[in-house]
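Novice:
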Amino acid sequence: MKINIDNKSYEVANDSTILEVCKLLNIDIPTLCYDERLTPHSACRMCLVEVEGAKNLVTSCSTRVRDGMRVFTNNEKVRSARREVLDLLLSNHPMECLNCEKSGRCKLQNYAYEYDLVDGTFKGETRKGEIDSSNPFYIYDPEKCILCGLCVRVCDELQCSHAIGFEDRGFDTIVATPFREGLINSECVSCGNCVSVCPVGALVPKSLEKFRHWETKEVRTTCSYCGVGCQIDLKVKDDKVLGAQPAFDGVNQGLLCVKGKFAYKFISHPDRLKTPLIKKNGEFVEASWEEAYRLIRQKATNIKEESGADSFAGLTSARCTNEDNYLFQKLFRAVIGTNNVDHCARL
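As structure tokens, then:
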């Protein structure tokens, strides 16, 4: 069908939303609650646009295009409405940008700058709530929450844990774990996908050390914990990994498990082995790879001569590549001469 956006004509696919079309055309529309993987929620109202003939402005994330539609995405009426939405959000949001860990990558902060807002003018109360640091991996600050619903919807629609939801009504609404008969009934698996999508500083990971977003660089890598091959963007400062974000263009499509999201701290752990160890006189001592391989070959040759090839068994790992695992089983079957090869899943 043909539609007109900002006085330019385009041919677009049927059954698309205005926001989806604008994203394909690189027309910028601000969003706080939108995620292309989720059902449109229309909670933040930042994606408002004007449609000719409509009585009111409409949310572009949930409004589908129709043939001959005329849309205005950035006129004064639209910008004024978006500015008022931001004003309402900022009026009960703590202005702690100087000390907030999300500073520099907070969407609310960036939009406030774009729309020339320094503070909220409605002078409402700041949302109340105690900081929840009970999870070992992340912190929830309800005062900074803008109730966009991304965390709840990712948990429900993508992670399918249904571990969190909205509690109370109106101004007192917070995101919380469900209660039943006075007991916490949480299905949370600490995957951290809620943390990954939070657009503000309401959900932040517990970090090894303090850092600013602009001090880090992102390094793409593959998660080594299982065979799925999830893609991760590691946040690196001074050659130290300080955080991990799921990649949207990988097989994981912006999702991670608890290991991929938070279990990167072994990289800089002081107990991590960096060289082979050989036991001498009852104590492990550092050795070169050449020395270690010579010892392995000597021991393996002696054992095979004394007890035969089937005295060996090999256990390999999902944390290795398919190619490494292929070579491992080939070593045991073709070189050592045994079929005693298994996988760490049955260790």
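The sequence shown begins at 104 in the numbering used here and counts up by one.
Backbone N, C-alpha and C define an ideal beta-carbon position, used for all residues, glycine too.
(1) With the cut-off set at 7 Å, would you say LYS247 and VAL303 are in Cβ contact?
(2) Kindly indicate which residue of ASN296, SER420, ASP271 has the alpha-carbon position closest to the one of TYR448.
(3) Once the 5 residues before and after TRP317 are set aside, which same chain residues still bring their CB inside 8 Å of it?
(4) What residue from PHE274, ASN238, ARG272 has the CA that sits closest to ALA266's CA?
(5) Let me know the secondary structure DSSP gives ASN107 once reduced to three states.
(6) Let me know the secondary structure DSSP gives THR404 once reduced to three states.
(7) By how many angstroms is the C-alpha of ASP341 removed from the C-alpha of ALA366?
(8) Can you check DSSP and say which residues form a bridge with LYS343?
(9) Mind checking whether GLY363 and CYS423 have CB atoms under 7 Å apart?
(10) Let me confirm a value: HIS196 is counted as buried when at least 16 other C-beta atoms fall within 10 Å, else exposed. Which label applies?
(11) Which residues share a DSSP beta bridge with ASP222?
(12) What's the C-alpha gap between HIS446 and LEU418?
(13) In terms of residues, what are the limits of the alpha helix (DSSP H) holding GLY451?
(14) Do you know offhand how far SER145's Cα is from CYS333's?
(15) Helix, strand or coil: which one does DSSP assign to ALA279?
(16) Can you list, in chain order, the residues of its chain whose CB lies under 7 Å from that of PHE351, leaving out five sequence neighbours each side?
(17) Hey, out of GLU204, GLU187, VAL152, CYS209, whose CA is closest to VAL181's CA?
(18) Considering only the alpha carbon of each residue, which of ARG323, VAL354, GLU389 lies closest to GLY330?
(19) Given 8 Å as the limit, is there contact between the stretch 189 to 205 and the stretch 158 to 166, that is, 3 or more CB pairs closer than that?
(20) Could you tell me if GLU233 is buried or exposed, where buried requires 16 or more neighbouring beta carbons within 10 angstroms of its beta carbon?
Specialist: Working from what's here:
(1) Yes, the pair counts as a contact, with Cβ atoms nearer than the cut-off.
(2) The displayed chain sequence assigns Ala, not Tyr, to residue 448. Checked all of ASN296, SER420, ASP271; the closest Cα to ALA448 is SER420.
(3) Spatial neighbours of TRP317 in its own chain (CB-CB distance under 8 Å, excluding positions within 5 residues in sequence) are listed in chain order as GLY207.
(4) The residue with the shortest Cα to Cα distance from ALA266 is ASN238.
(5) DSSP places ASN107 in strand when its eight states are reduced to three.
(6) Of the three classes helix, strand and coil, the one that applies to THR404 here is helix, per DSSP.
(7) Between ALA366 and ASP341, the C-alpha separation is close to 19 Å.
(8) Listed as beta-bridge partners of LYS343 by DSSP are LYS340.
(9) Cβ atoms of GLY363 and CYS423: not closer than 7 Å.
(10) With at least 16 other beta carbons inside 10 angstroms of its own, HIS196 counts as buried.
(11) BP columns for ASP222 are empty, so no partner.
(12) Answer to the nearest angstrom: the Cα atoms are 5 Å apart.
(13) This structure gives no information on residue 451, because the portion of the chain shown stretches from 104 to 450.
(14) Rounded to the nearest whole angstrom, the CA to CA distance from SER145 to CYS333 is 30 Å.
(15) In this structure, ALA279 counts as strand in the three-state DSSP scheme.
(16) Cβ within range, chain order: GLY357.
(17) Nearest option by C-alpha distance: VAL152.
(18) Selected option, being the one with the closest Cα: VAL354.
(19) The stretch 189 to 205, when compared against the stretch 158 to 166, does not touch it at the 8 Å Cβ threshold.
(20) In this structure GLU233 is exposed. Its beta-carbon is surrounded by fewer than 16 other beta-carbon atoms within 10 angstroms.
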